[in-house]
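Residue numbers (my numbering): 46 to 98. Glycine included, C-beta positions come from ideal geometry on N, C-alpha and C. Below you'll find the structure, written out as structure tokens, and then a few comments.
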Amino acid sequence: MDDKFLFGMLLGVIGGAVIATNSARARQMVRDGQEQVKEKMEEVSNCSQKKNQ
46 MDDKFLFGML LGVIGGAVIA TNSARARQMV RDGQEQVKEK MEEVSNCSQK KNQ
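See below:
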């Protein structure tokens with residue numbers, strides 16, 4: 046890959062992490078997203094268990 050692209054990606058990841066660390070709103074959005082993913086995974090897991098019974 047191109048070195049400039051990798052450097053840009055690394056800079057973006059680090060910048061996003063710094064913003065998320067210093068922003069209460071960003072941390073809350075991350076927590077909300079994690080909860081939504083957990084709920085969906087439980088829902089899918091429960092549906093697949095019901096189908097197997």
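- Item | N-terminal and C-terminal residue of the alpha helix (DSSP H) that aspartate 48 is part of | For aspartate 48, the enclosing alpha helix (DSSP H) covers residues 48 to 67.
- According to the Cβ coordinates, are alanine 65 and valine 58 closer than 8 angstroms? The Cβ atoms of alanine 65 and valine 58 do not sit closer than 8 angstroms to each other.
- Measure the alpha-carbon distance for serine 90 versus lysine 83 and round it to whole angstroms. Counting only the Cα atoms, lysine 83 lies some 10 angstroms from serine 90.
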